[in-house]
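Residue numbers (the numbering used here), protein chains in the order written: chain S, 1 to 340; chain L, 1001 to 1340.
Yeah, the Cβ is synthetic: ideal placement off N, Cα and C, and Gly gets one too.
Reading through the structure tokens given below for one structure.
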């Protein structure tokens, strides 16, 4: 993958062959354990409830498992003891998957990353119930760490995510958007879970309070950068890369950073506001995508993402040198540079 | 309320003026604390997120709060210390309300017990997210007991409920129904939560393992009786009492005990099977209701409910005498005799 033509600090970082497989190498065996947990979770129902087995296989297999990677890498930055972290890493990914299942049911999405959604295959009703079941299993894995701090953190984080999603639902098609509201929303719907992933790894590895705070801050800033890049890719990716139409967020009424900047640059009249107001939607969505891609807005968004990514990397300086610390740094670079 | 004309053991029990207010008297102040928790939970969002405040007020206020009553009564059977039980009682009711919000979204119900549903007022999307938020807050309350056993129990129970609901969704309109499957479903979707309510009260009050097991068994059997009676009332109640059309479960494709017995009595041809097969649905639902109400089936269902209710009452003999133990006995009678 070549970095884009403009030269922003992180995007021009010379990191050869950044890919997830390489990045995950230090925690490869740990992630295999998470996948084994998922397989057991699905296989448990094979005889007694084959439909559920099929749904679980469909939804649990083949993901990027970023959150477990973050949990294990954070734990291994501390002291390399990862025994009790497996349950929490599993919980973090299950919570993530549960929110995706509910999101797709809410958005009536047919596909996600090129795969058919649960609601499309089994109906909205079962998607809601499957999501609830996954939240429950996630909660069980969190509680099975026997650590009350991460168990509480788990429920708090689920609450924060739901509030973030509710705020997003409230703000749909609203012309009254600003940076503060945008950051509040993405902090809730994305950064909270990446924060918990890093934080819970640090807590379960027995980190000092300073170390826990460093990794908490790392996860949170990484999460903000991650979501901003997601929101950028929704405009600059191809339909094939995205597995959905370009500009899907805006099409569904969600104003993300690129659209927000366009609105702020042209406060009197702009295609985003026109689109939100319901005026000639097909024309205006096309104009919005065009103006966002051509006017330096993408570069501005990348600078914003890099700000958080760099902050995440800076924080890691407070931890002892280790393979996993370097992997976390590389992850922060990768997540800004990725194309999908 | 007069008992029905037929004389089944519990139904003819001479208990004067059984009503929830009287039954709840021994835990009246405790239940006021639960309601204060609900009020705080809603009021927290009044300024920052008025929509959420309104949704929470709508859904949290005015319920029967049976589960918190059960939690407190169970705790007070043990030793009267109820300090740490408040959080769990709140968690148990929040979990219940969350499942109702998701159920109504799934069923596209317009009303529940005469009140307009969240999905009708704010849309399915927000109902899904509000349910998720309530699960999260419930989990936080459970974890704030600082008791890992009830925190684990909480997530396990949520999983069991979701499985129960998934089984019900799988079995919709299926002609292949039997008693075993029916009991498995209602054990999951209803009895599990009543079981947890009693069990968690006993655990948090510091009960011995024997006492915890007695109250666990009480809650479970009470839950089975409770759901069977719910399923009876769905046929014998009036539309006004039910707040929905008579026979709603069957209309939505769910075969409950009365319909199941009718199918078993007339295996070759019966209106339930005809209805499930999609044949002349309006006529057959009417016939099914008529035959269920006239053929002694209701009496048979009540005998089944009483079996579990009596089992629940018998178990309580293993506990020391107390006001709350008597209240739990009266509750088991009330739940069979109630009309709504």
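What does residue i pair with, by DSSP beta-bridge criteria?
i: residue 1111 of chain L; result: L:1116
Once DSSP output is grouped into helix, strand and coil, what is the label at residue i?
i: residue 50 of chain S; result: helix
i: residue 1044 of chain L; result: coil
i: residue 19 of chain S; result: coil
i: residue 1071 of chain L; result: helix
i: residue 1005 of chain L; result: Annotation note: pLDDT 42 at residue 1005 of chain L (below 50); position unreliable, coordinate value reported separately. Coil.
i: residue 1227 of chain L; result: helix
i: residue 302 of chain S; result: helix
i: residue 1084 of chain L; result: coil
i: residue 207 of chain S; result: coil
i: residue 1033 of chain L; result: helix
i: residue 252 of chain S; result: coil
i: residue 297 of chain S; result: helix
i: residue 1024 of chain L; result: coil
i: residue 291 of chain S; result: helix
i: residue 1216 of chain L; result: helix
i: residue 1177 of chain L; result: coil
i: residue 101 of chain S; result: helix
i: residue 1065 of chain L; result: coil
i: residue 1234 of chain L; result: helix
i: residue 240 of chain S; result: helix
i: residue 1286 of chain L; result: helix
i: residue 1201 of chain L; result: helix
i: residue 247 of chain S; result: coil
i: residue 1057 of chain L; result: helix
So, is residue i buried or exposed, given that buried needs 16 or more other C-beta atoms within 10 angstroms?
i: residue 321 of chain S; result: exposed
i: residue 1189 of chain L; result: buried
i: residue 312 of chain S; result: buried
i: residue 1334 of chain L; result: buried
i: residue 1172 of chain L; result: exposed
i: residue 216 of chain S; result: buried
i: residue 108 of chain S; result: exposed
i: residue 1179 of chain L; result: exposed
i: residue 268 of chain S; result: exposed
i: residue 1005 of chain L; result: Any reading at residue 1005 of chain L must be qualified, since the residue scores a pLDDT of 42, below 50, and its modelled position is unreliable; the value itself is stated next. Exposed.
i: residue 1016 of chain L; result: Unreliable placement is indicated for residue 1016 of chain L, whose pLDDT of 46 sits below 50; the coordinate value is still reported in the next sentence. With fewer than 16 other Cβ atoms within 10 Å, it is exposed.
i: residue 104 of chain S; result: buried
i: residue 29 of chain S; result: exposed
i: residue 1019 of chain L; result: exposed
i: residue 1221 of chain L; result: buried
i: residue 1055 of chain L; result: buried
i: residue 258 of chain S; result: buried
i: residue 997 of chain L; result: Absent from the model: residue 997 of chain L. The displayed extent of chain L is 1001 to 1340, so no value can be given.
i: residue 294 of chain S; result: exposed
i: residue 1047 of chain L; result: exposed
i: residue 26 of chain S; result: buried
i: residue 265 of chain S; result: exposed
i: residue 1099 of chain L; result: buried
i: residue 1127 of chain L; result: buried
Whole alpha helix (DSSP H) runs in the region 1111 to 1175 of chain L with 4 or more residues, listed along the chain? 1118 to 1122, 1124 to 1143 and 1148 to 1171
With 9 Å as the limit, tell me which residues of the region 1129 to 1151 of chain L have their beta carbon closer than that to any beta carbon of chain S; keep them in chain order. 1129, 1130, 1131, 1132, 1133, 1134, 1135, 1136, 1137, 1138, 1139, 1140, 1141, 1142, 1143, 1144, 1146, 1147, 1148 and 1151
Tell me which residues of the region 90 to 105 of chain S have at least one Cβ-Cβ distance to chain L shorter than 7 Å, keeping chain order. 102 and 105
Which residues, taken in chain order from the region 189 to 216 of chain S, show a beta carbon closer than 7 Å to some beta carbon of chain L? none
Unbroken alpha helix (DSSP H) runs of length 4 or more, entirely within the region 1315 to 1340 of chain L: which are they? 1323 to 1337
Ordered list of alpha helix (DSSP H) runs contained in the region 1254 to 1279 of chain L, each at least 4 residues: 1257 to 1265 and 1271 to 1276
Closer than 9 Å, Cβ to any Cβ of chain S: which residues of the region 1282 to 1308 of chain L, in chain order? none
If contact means a Cβ-Cβ distance below 8 Å, which residues of the region 1023 to 1051 of chain L contact chain S? 1049 and 1051
Listed in chain order, which residues of the region 1259 to 1274 of chain L have Cβ atoms closer than 7 Å to some Cβ of chain S? none
Under 8 Å (Cβ pairs) to chain S, residues found in the region 1165 to 1183 of chain L: 1165, 1166, 1167, 1169 and 1170
Which residues, in chain order, does the region 1310 to 1331 of chain L contribute to contact with chain S at a C-beta distance below 8 Å? none
Anything in the region 216 to 246 of chain S with a Cβ closer than 8 Å to a Cβ of chain L? List those residues in chain order, please. none
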